[in-house]
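Encoded as structure tokens, the structure appears first; notes follow it.
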Amino acid sequence: MTALLDARGVVKRFGGLTAVDGVNISVGAGELVGLIGPNGSGKTTLFDCLSRVSAIDSGSISFDGVDITRRRPHQVARLGLARTFQLIRVYRELTVSENMELSIQWRRIGTTRLFGRTDAATRRRVESLLEFLMLSRLRHERAGALSGGQRRLLEIGMALMSEPRLLLLDEATSGVNPTLVSEIADRLQEVNSNGVAILLVEHNVGFVAELCHRVVVLDRGAKLAEGTPSQVMADPAVIEAYFGAEGE
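In terms of my numbering, the sequence shown has 202 at position 200, counting the first letter as 1, and numbering is strictly consecutive.
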């Protein structure tokens with residue numbers, strides 16, 4: 003499979019601590035890949051590197067054949083790479099619709115026209131995504147009034163507004179009521195079936211096993227294992243490093 007995202011030998015240090023240690027990771031067009039590991043294994047730091055939120059100390063990152071190693075986050079977003087964050091990032095004082103509109107204007111036109119009038123095509127996409135994400139009835143509610151799961155869905159919607167080719171999702175089920183987790187899984191499967199590749203950091207191993215075509219495991223900043231969910235879950239090194247502290 004041709005890699006849409008291809009990172010080679012990525013290293014990220016914070017002083018004397020190596021948070022990401024020579025990681026190779028790729029995501030193919032239309033693929034759904036899980037990234038798991040114990041707390042502190044470097045998953046979110048690697049996401050920051052891949053999305054160019056953080057500079058890397060060595061290695062290379064390419065997206066669709068373009069070297070993005072030194073690109074800025076907004077430049078990478080315009081190439082078709084979008085992401086969410088472990089701590090939900092929405093504009094709590096704005097309405098659900100305003101959050102959606104603002105996200106696409108940031109990606110398409112930058113800050114100079116950020117608060118200009120939203121065009122009809124953008125408004126149609128907002129309505130379509132809100133319906134898809136079961137948020138239509140909340141379009142005029144302030145984002146801060148939503149539940150954790152609803153805010154997570156809103157953040158995913160904001161990332162989808164720019165029609166990305168690759169979506170990096172950091173803890174998609176964190177803070178989400180268990181009754182909503184299956185709905186998020188269904189929506190992500192549909193997004194993926196429509197051709198959007200997804201790289202998913204997730205602590206919910208069952209969620210990853212159900213959704214992902216392939217799983218990468220990090221431990222202490224380095225890649226520990228890679229394979230299908232069943233292969234990874236049966237790997238003794240993964241069981242020891244990832245599950246050992248939590249029990250079977």
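In this text, a Cβ means the ideal position worked out from N, Cα and C, and glycines have one as well.
The beta carbon of I106 is closer than 6 Å to those of T124, M163 and S164 in its chain, skipping five residues each way along the sequence. Counting only runs of at least 4 residues, the stretch 193-218 fully encloses the following alpha helix (DSSP H) elements, listed from N- to C-terminal order: 207-213.
Along the length of the stretch 63-150, whole alpha helix (DSSP H) runs at least 4 residues long occupy 75-81, 98-111 and 122-134, reported in chain order. Per DSSP, S28 is one residue of the beta strand (DSSP E) stretching across L19 to G30. Under the three-pair Cβ rule at 8 Å, the stretch 20-40 does not count as touching the stretch 78-89. Of the candidates L168, I158, D237 and P166, I158 places its Cα closest to the Cα of T175. Taking all protein chains in view, the Cβ of R154 is crowded by 16 or more other Cβ atoms within 10 Å, so the residue is classified as buried.
A5 and L202 have their C-alpha atoms spaced approximately 16 Å apart.
Shown here, R54 sits in coil according to DSSP, grouped into three states, outside any helix or strand. In this structure, the straight-line span from the alpha carbon of A145 to that of N101 is close to 8 Å. Of the candidates G229, P166 and V218, the residue whose Cα lies closest to the Cα of V193 is P166.
Note that the C-beta distance between V12 and L37 is not below 8 Å. Looking only at V178, G229 and G223, the smallest Cα-Cα distance to G39 is reached by G223. Here L170 is near R85, since their CB atoms are less than 8 Å apart. In the structure shown, A161 falls within a helical segment according to DSSP collapsed to helix, strand and coil. For V12, the enclosing beta strand (DSSP E) stretches over residues A5 to F16.
Nearest Cα to L182 within the set V218, L96, F209 and A239: F209. Among the bridge pairs identified by DSSP, K225 is matched with L220.
In the DSSP assignment, V35 falls within the beta strand (DSSP E) that extends over L34 to I38. L137 places its beta carbon less than 8 Å from that of Q152.
Around the beta carbon of N196, fewer than 16 other beta carbons sit within 10 angstroms, so the residue counts as exposed. Beta-carbon to beta-carbon, E143 and T71 are separated by about 40 Å, too far to satisfy the 8 Å threshold. Residue environment analysis places R139 among the exposed positions, since fewer than 16 neighbouring C-beta atoms fall within 10 angstroms of its C-beta. In summary, I241 is exposed, with fewer than 16 beta-carbon neighbours lying within 10 Å of its beta-carbon over all protein chains present. Distance from the Cα of V198 is smallest, within the candidate group P180, A161 and D221, for A161. Beta-bridge partners of L171 (DSSP): L202.
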